[in-house]
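Numbering (full-length UniProt numbering), first residue to last: 1 to 165.
Below you can see the structure in the form of structure tokens.
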């Protein structure tokens, strides 16, 4: 952009709220079109795991949650996995996009799609069924969902099936 400065004003607060952004989140604006005498056209994107740690925060701890697979997670038509909304908000998972879901034991992986439904429901849709079949998941399995890394702008998550006592 040749060193020119751009300021965001009207509408920025709505952008922040609509995307669940908070202090420390990282996002980018990509210039798509810049015609003379017209406002520039930009693409906004944020990555679920891009977040700058706040001062005093342990940036080495891996965020996770533990849950149990329900029947709707494994149904034949359009299975999905809900993520707890507070976990999603706290860890910047409000942006839809692809992520890498990895079996934490043997590191088999599957590309899945993280979806956001009106900032009320965050879930894994496309690719989830393949992951379930490949890993022999069944209703009632307890699991740990652990955010591990961010590679090539894709969130990497380890999925561990926990042994029942």
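Each residue gets a CB set at the ideal place from its N, CA and C atoms; glycine is no exception.
Cβ pair residue i, residue j closer than 7 Å
i, j, result
"residue 109", "residue 122", "no"
"residue 103", "residue 135", "yes"
"residue 9", "residue 89", "no"
"residue 154", "residue 98", "yes"
Close Cβ partners of residue i (< 7 Å) along its chain, the five nearest in sequence each way excluded
i, result
"residue 125", "80, 113, 115"
"residue 65", "84, 87, 145"
"residue 93", "48, 83, 114, 122"
"residue 128", "79, 80, 81, 112"
"residue 62", "146, 147, 148"
Span separating the alpha-carbon of residue i from that of residue j
i, j, result
"residue 71", "residue 160", "18 Å"
"residue 37", "residue 16", "27 Å"
"residue 59", "residue 149", "In this prediction, residue 59 scores a pLDDT of 47, lower than 50, which makes its location untrustworthy; no coordinate-derived value is stated."
"residue 147", "residue 76", "27 Å"
"residue 142", "residue 105", "14 Å"
"residue 53", "residue 117", "Per-residue confidence for residue 53 stands at a pLDDT of 46, beneath the threshold of 50, marking its modelled position as unreliable; no derived number is given."
"residue 22", "residue 14", "13 Å"
"residue 11", "residue 132", "41 Å"
"residue 152", "residue 96", "16 Å"
"residue 169", "residue 156", "The shown model of the chain, from 1 to 165, leaves out residue 169, and the question about it has no answer."
Neighbourhood of residue i by C-beta distance below 8 Å, restricted to the same chain and skipping five residues each side
i, result
"residue 140", "68, 69"
"residue 138", "69, 74"
"residue 120", "85"
Residues bridged to residue i (per DSSP)
i, result
"residue 31", "42"
Sequence-distant residues of its chain with Cβ nearer than 6 Å to residue i (five each side left out)
i, result
"residue 130", "110"
What are the start and end residues of each continuous beta strand (DSSP E) run of 3 or more residues lying completely inside the UniProt domain "TF-B3" (66-165), in chain order?
-> 81-83, 97-103, 109-117, 121-124, 142-151, 154-162
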